[in-house]
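**Student:** In our numbering, the protein residues as written are 829 to 1158.
What follows is a single structure, and I will ask about it in a moment.
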């Protein structure tokens, strides 16, 4: 591991100033991803700026009835918060599905959104990877890719984003707030992650050196009846091979509003907008749910060894939406 400096930030502006003074610095939250990448040589920061003690560790109700989640709130505290459990149950379920209890106690909301892909070629510095070394190539396309992207990928990268939390936040129109050298700013999560294109190393739209300060969830009554379902290769702690965050408002047997997002199928949490459009005004039944999933997955471009993800996501979406519809009918 490369030698590095360590500074503990006293306030948000001080943290941003430290990054501005040292371009090779990184913010340190829980470190559950960054420290692992430092050990393998993927990340080689000259300075770690510890932001865990900043006053960004609260979950608060906003005046319009949404929630503001501080960037240093731990995953455990987020999942256990009564307002999160009541208003956005799929978010609680996603967080609890995301890691072991020990990791959830350390990992932070801001860090979760910024975690890097678990593609084996990205973490192996001996292999070509455009995300790690632009222009070197993508080893996964001709190599091991059974858990890689089927939506939104490119010839330059087929890695998937590993966050469970991010999938639920995407379904509920979360907005990321940040502080940069130019002052505060915000980004809808739908714009936060950049398309892969030919620059997979550029993962987010955050300005250089910006510090995530929180995530705001707008009021969404539909989210009170929501669910997150994750499929993984083993029942114990593992990253998803496919996941769905869904919310459904059914009135008189017809879908009035639907929220749907997919995980582990793209380089970012995937908002299933084509499926949402197909669902709105449709009967709340399995046939309509399947047609909506097919509308979204029509854009899928699987590789030779990950085509199973298309029927998996179709079946997963139908199952979760059917469960939600049945709950509404009771």
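Think of the CB as a built atom: it goes at the ideal place given N, C-alpha and C, for glycine as much as any other residue.
What residue range does the alpha helix (DSSP H) around residue 1054 cover?
**Tutor:** Residue mapping note: residue 1054 aligns to position 226 of the chain shown, counting from 1. For residue 1054, no alpha helix (DSSP H) encloses it; the enclosing beta strand (DSSP E) starts and ends at 1054-1059.
**Student:** Could you tell me the distance, in whole angstroms, from the CA atom of residue 1008 to the CA atom of residue 1038?
**Tutor:** The count along the chain shown starts at 1 and reaches residue 1008 at position 180. The count along the chain shown starts at 1 and reaches residue 1038 at position 210. Those two C-alpha atoms are separated by around 4 Å.
**Student:** Whose C-alpha, out of 898, 988, 1116, 979, is nearest the C-alpha of residue 1002?
**Tutor:** What you label residue 1002 is simply residue 174 of the chain shown in a count that begins at 1. The shortest C-alpha separation from residue 1002 is found at 898.
**Student:** Report the partner residues of residue 854 according to the DSSP bridge assignment.
**Tutor:** Taking the chain shown and counting its residues from 1, the one referred to as residue 854 is at position 26. Paired residue(s): 876.
**Student:** DSSP three-state label for residue 1090, please.
**Tutor:** Here the question's residue 1090 lines up with position 262 in the chain shown. Here residue 1090 sits in strand by DSSP.
**Student:** Taking buried to mean at least 16 other C-beta atoms within 10 Å of its own C-beta, is residue 1036 buried or exposed?
**Tutor:** Against the chain shown, residue 1036 aligns to sequence position 208. So residue 1036 counts as exposed.
**Student:** Candidates 1022, 1070, 837, 871: which alpha carbon is nearest residue 990's?
**Tutor:** On the chain shown, position 162 is the one that residue 990 refers to. Closest by alpha carbon: 1070.
**Student:** Quick one: Cα of residue 948 to Cα of residue 1029, how far?
**Tutor:** Counting from 1 along the chain shown, the entry for residue 948 is found at position 120. Counting from 1 along the chain shown, the entry for residue 1029 is found at position 201. Each residue's Cα considered, the two are about 16 Å apart.
**Student:** Please state whether DSSP places residue 948 in a helix, a strand or coil.
**Tutor:** As a working mapping, residue 948 is identified with position 120 in the chain shown. Of the three classes helix, strand and coil, the one that applies to residue 948 here is helix, per DSSP.
**Student:** Given residue 889, which residues of its chain have a CB within under 7 Å of its CB, disregarding the five upstream and five downstream residues?
**Tutor:** To locate residue 889, count along the chain shown from 1; it is residue 61. Same-chain partners within the cutoff: 895, 911.
**Student:** Nearest to residue 1096 by alpha carbon, out of 986, 1066, 857, 903?
**Tutor:** Along the chain shown, read from residue 1 onward, the residue named residue 1096 stands at position 268. The shortest Cα separation from residue 1096 among 986, 1066, 857, 903 belongs to 986.
**Student:** Give a yes or no on whether the C-beta atoms belonging to residue 1123 and residue 1103 are separated by under 9 Å.
**Tutor:** The residue labelled residue 1123 in the question sits at position 295 within the chain shown. The residue labelled residue 1103 in the question sits at position 275 within the chain shown. Yes, Cβ-Cβ distance for residue 1123 and residue 1103 is below 9 Å.
**Student:** Which ranges does the alpha helix (DSSP H) cover as unbroken runs of at least 4 residues, wholly within the segment 989-1015, from first to last along the chain?
**Tutor:** Qualifying alpha helix (DSSP H) stretches, in chain order: 993-999.
**Student:** Exposed or buried, residue 916, counting other C-beta atoms within 10 Å across all chains shown (16 or more means buried)?
**Tutor:** Within the chain shown, the letter at position 88 stands for residue 916. That one is buried.
**Student:** Where are the beta strand (DSSP E) runs, 3 residues long or more, that stay fully inside the segment 1020-1058, in chain order?
**Tutor:** 1039-1045
**Student:** Along the chain, where does the alpha helix (DSSP H) that runs through residue 1150 open and close?
**Tutor:** Here residue 1150 is taken as the residue at index 322 of the chain shown, counted from 1. Element bounds for residue 1150: 1137-1157.
**Student:** According to DSSP, is residue 963 part of a helix, a strand, or is it coil?
**Tutor:** Within the chain shown, numbered from 1, the residue matching residue 963 stands at position 135. Three-state DSSP puts residue 963 in coil, outside helix and strand.
**Student:** Please name the residue, chosen from 1034, 1049, 951, 967, that lies closest to residue 999 on a Cα-to-Cα basis.
**Tutor:** On the chain shown, residue 999 is found 171 positions in, with the first residue counted as 1. Ranking 1034, 1049, 951, 967 by Cα distance to residue 999 puts 1049 first.
**Student:** Going by DSSP, what residues sit across from residue 1072 in a beta bridge?
**Tutor:** On the chain shown, residue 1072 is found 244 positions in, with the first residue counted as 1. Its beta-bridge partners are 1057, 1090.
**Student:** Report yes if the C-beta distance between residue 945 and residue 959 is below 9 Å; otherwise report no.
**Tutor:** Along the chain shown, read from residue 1 onward, the residue named residue 945 stands at position 117. Along the chain shown, read from residue 1 onward, the residue named residue 959 stands at position 131. Cβ distance < 9 Å, so residue 945 and residue 959 count as in contact.
**Student:** Please report the residue range of the beta strand (DSSP E) in which residue 888 lies.
**Tutor:** Walking along the chain shown from the start, residue 888 turns up at place 60. Where residue 888 is concerned, the enclosing beta strand (DSSP E) stretches over 887-889.
**Student:** Buried or exposed: where does residue 1126 fall if 16 or more other Cβ atoms within 10 Å of its Cβ makes it buried?
**Tutor:** Here residue 1126 is taken as the residue at index 298 of the chain shown, counted from 1. Classification of residue 1126: exposed, given that the 10 Å Cβ count is below 16.
**Student:** Here's the rule I'm using: 16 or more other beta-carbon atoms within 10 Å means buried, otherwise exposed. How should residue 886 be labelled?
**Tutor:** On the chain shown, residue 886 is found 58 positions in, with the first residue counted as 1. Flag for residue 886 reads exposed.
**Student:** Tell me whether residue 1129 is buried or exposed, calling it buried when 16 or more other Cβ atoms sit within 10 Å of its Cβ.
**Tutor:** Along the chain shown, one-based indexing puts residue 1129 at 301. Residue 1129 is exposed by the Cβ-count criterion.
**Student:** Looking only at C-alpha atoms, which of 975, 982, 844 sits nearest to residue 965?
**Tutor:** The sequence position of residue 965 within the chain shown is 137, counting from 1. Residue 965 has its Cα closest to that of 982, out of 975, 982, 844.
**Student:** Quick check on DSSP: helix, strand or coil for residue 986?
**Tutor:** Position 158 of the chain shown, counted from the first residue, corresponds to residue 986. Note: residue 986 maps to coil in three-state DSSP.
**Student:** Near residue 1060, what residues of its chain come up, given a Cβ to Cβ distance below 8 Å and the 5 sequence neighbours on each side ignored?
**Tutor:** For the purposes of this step, residue 1060 is taken as residue 232 along the chain shown, with counting starting at 1. Taken in chain order, the residues that qualify are 1066, 1067, 1068, 1069.
**Student:** Compare the Cα-Cα distances from residue 1078 to each of 939, 882, 1109, 913 and report the closest residue.
**Tutor:** Locating residue 1078 in the chain shown gives position 250, counting from the first residue. Ranking the options by Cα distance to residue 1078, first place goes to 1109.
**Student:** By the three-class DSSP mapping on this structure, what secondary structure does residue 1129 have?
**Tutor:** Here residue 1129 is taken as the residue at index 301 of the chain shown, counted from 1. Correct three-state label for residue 1129: coil.
**Student:** Kindly indicate which three-state DSSP category residue 1124 falls into: helix, strand or coil?
**Tutor:** Position 296 of the chain shown, counted from the first residue, corresponds to residue 1124. Residue 1124 falls in the helix class under three-state DSSP.
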